[in-house]
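Structure, as structure tokens:
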Amino acid sequence: MGKESQVIFDRNVIEFVTVAAEFCKYLEQAEGNRRATFVDTTLKILPLLYLKATLLPPCETIGEDLPEHFVTEETYEVMRMTLAGILGEKDDYLDVFVEDMKYSDQPITRYISEDLADIYQDIKDFIFVFQLGLNETMHDALAICQENFRLYWGQKLVNTLRALHEARYAQGEENEETGEEDESPESDNYPNISDE
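According to the UniProt record's numbering, the sequence shown holds residues 1 to 196 in order.
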């Protein structure tokens, strides 16, 4: 068994592949979810995806050709629009951790749906190649996914977590102001300590 085979069958790689596949599956089946449910679930899977990505063993590409891409521009756009529809007015957020901030004194508006679609694109391409079962190609896909994590989607994931956290925990405050019932999935699981 070659060195690349040893890396791609490492326990941390298998765990990352498992979480990455679940992340993709969840986003692909998200249409029709209530915003509160989507935000709550996404807040649970993204930190796990980040953690598993940080535990991947180091590797570098060994092949000359880049692995195949699975996510088309159309697939990306459908995903982005679906997520934007779920998130509604909670989709946009101000981001100061972007390259463009060097040239501006104003925060940049970003979109959770776009960031999640970007992360999905990298992860889905990786999962697609991994499912082909060709060791060298799997190894290269892992190396590219790691590189993209360090350079692109790792920071997007962290920024998106911050925005999703705001969307999740600001829902209750907004609902109190409007008199609407809190639709957060765990709102009934906590005792009301304000009456004590």
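Even for Gly, the Cβ is constructed at its ideal location relative to N, Cα and C.
Note on geometry: alpha-carbon atoms of Q131 and Y120 lie some 16 Å from one another. DSSP places T109 in the uninterrupted beta strand (DSSP E) bounded by I108 to Y111. Counting along the chain, no alpha helix (DSSP H) covers L94; the unbroken beta strand (DSSP E) around it starts and ends at D92 to D95. Put simply, the backbone Cα of L116 is about 12 Å away from that of V78. V71 and K124 do touch by the CB rule: their CB atoms are close to 5 Å apart, below 8 Å. Taking 9 Å as the cut-off, the Cβ atoms of C24 and Q146 do not count as close.
Judged by their CB atoms, R35 and L87 are nearer to each other than the 9 Å cut-off.
Here D65 is exposed. Its C-beta has fewer than 16 other C-beta atoms within 10 Å. Contact between L46 and L161 holds, since their C-beta atoms are separated by about 5 Å, short of 8 Å. For I119, the secondary structure class from DSSP, reduced to helix, strand or coil, is helix. In this structure, DSSP gives H69 a state outside helix and strand, which the three-state scheme calls coil. Under the DSSP assignment, A30 falls outside any alpha helix (DSSP H); it carries neither an H nor an E label. Under the three-state reduction of DSSP output, F9 falls in the coil class, being neither helix nor strand. Counting only residues of its own chain and dropping the five nearest sequence neighbours on each side, A84 has a CB closer than 6 Å to the CB of D91 and S113. In the three-state DSSP reduction, E166 falls in the helix class (H, G or I). Burial state of P57 is exposed, judged by a 10 Å Cβ sphere holding fewer than 16 other Cβ atoms. Rounded to the nearest angstrom, the Cβ distance from T18 to P67 is 19 Å, too far for a contact under 8 Å. Taking C-alpha positions only, V39 is separated from A30 by approximately 11 Å. With 16 or more other Cβ atoms from the protein chains shown falling within 10 Å of its own Cβ, D122 counts as buried.
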